[in-house]
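What follows is a single structure, written as structure tokens, with notes after it.
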Amino acid sequence: RTPIRVHIVGRPQFDIEEFLGFLAASRMDWRRSAGAGQAEELIEAAGRVCYMSFGVNQSERSNVEYIRNLVDMGHESVLEHVNWSFVITGISRALSHQIVRHRVGFAFSQLSQQYHDESDAEFAMPAEIEGNPRAEAVWERAVSTAKEAYSEILQLLDQKPEHGESSQLNPRESRRAIRSAARSVLPGCTETTLFMTANARALRHFFTVRGGIPGDREMRDLALELFRLVTREAPAVFFDFRIAKLPDGSEMVQRVSTGPTQ
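And the structure:
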């Protein structure tokens, strides 16, 4: 099985000099926390602008404490200013259909089966099938049959029939129609590539509702890959999540309860 791979291709960028110029023009300063990343400082800056809590009005909280207090108090809207973009490979189209239901705070672009020839498609074997030789054999036979059927349908429909809908279309739309028809035999486990952008608040919700579902291993594996990447970029934003083990030894993203900061 092809492992799920996630690549960060876009990340938050904070023009700190421009922001400090804004503060200077307003005769304010900002006691910044050492070690805070751009994503974390961007969140703090956005939050402080709401109250202009800079200079003499700034609390003694560090950046980590400031973000934690925002989360604990339920003031997570400022987390929406921070976005990451990912290219995700090795996932099934079935999984992608679940992911794209997350609309608020997410944006998606996906490999099209209408324009892309899937003759060399790969398939994502479910973890529950791996290690069971008889189940693996049945699965392999099914996806092989589907792949052969896809190629055969392409060839049959591409023989430029004198009659039929595709014969009335221009070449580009004819190819689209033919591939649309052929893709109907491809299973949900066909691998796809997804370009996804999500803000920090949306990712926190995603980890909460998707990261720890015991019966959805593929979704948990994707959540784990995303979580590992964004926590390296902005650990303070995801302070109340951790990686935990399930009885079968697999992992999940789990939100842990925290008390309000003092």
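For the sequence shown, the numbering used here assigns the number 12 to the initial residue and increments by one for each residue that follows.
Positions of the beta carbon are idealized from the N, C-alpha and C atoms, including for glycine.
Every value quoted in this text rests on a predicted model; they were computed, and no experiment measured them.
CA-to-CA distance, residue 252 to residue 148, given in whole angstroms: 38 Å
Q) Does the beta-carbon distance from residue 206 to residue 238 come in below 8 Å? A) no
### Query
Is the beta carbon of residue 203 sitting closer than 8 Å to the one on residue 21?
no
- prompt: Between which two residues does the beta strand (DSSP E) containing residue 21 stretch?
  reply: 16-21
- prompt: What does DSSP give as the partner residues of residue 262 in its beta bridges?
  reply: 256
How many whole angstroms separate the CB atoms of residue 226 and residue 263, which I take to be in contact at a CB cut-off of 8 Å? About 11 Å; that fails the 8 Å criterion.
- Query: Quick one, are the C-beta atoms of residue 54 and residue 89 less than 8 Å apart?
  - Reply: yes
Backbone CA spacing between residue 174 and residue 234 [nearest angstrom]
Note that residue 174 has pLDDT 47, beneath the 50 cutoff, so the model's placement of it is unreliable and the number below is only indicative. Between residue 174 and residue 234, the C-alpha separation is close to 48 Å.
CB contact flag (residue 210, residue 116, <8 Å)
yes
*If you draw a straight line from the C-alpha of residue 152 to the C-alpha of residue 145, how long is it?*
11 Å
In whole angstroms, give me the CA-to-CA distance for residue 127 and residue 190. 8 Å
### Query
Cα-Cα, which of 246, 25 and 266 is closest to residue 78?
246
Original post:
When the Cβ atoms of the region 64-79 are set against those of the region 102-120, are three or more pairs found closer than 8 Å?
Top reply: no
| said: Given a cut-off of 8 Å on the beta-carbon distance, is the pair residue 17 and residue 240 in contact? | reply: yes
Where does residue 188 fall in DSSP's three states?
helix
query: Considering only C-alpha positions, which residue in the set 242, 196, 254 and 102 is nearest to residue 133?
result: 102
Note down the Cα distance separating residue 100 from residue 19, rounded to an integer number of angstroms. 12 Å
Extent of the continuous alpha helix (DSSP H) run through residue 107:
104-110
**Asked** Can you round the beta-carbon distance between residue 15 and residue 259 to whole angstroms, since I take them to be within the 8 Å contact cut?
**Response** About 18 Å; that fails the 8 Å criterion.
Considering Cα atoms alone, identify which of 213, 261 and 220 is closest to residue 248. 213
query: Among 158, 111, 39 and 137, which has the Cα closest to the Cα of residue 229?
result: 137
I'd like to know whether the C-beta atoms of residue 196 and residue 157 end up nearer to each other than 8 Å.
yes
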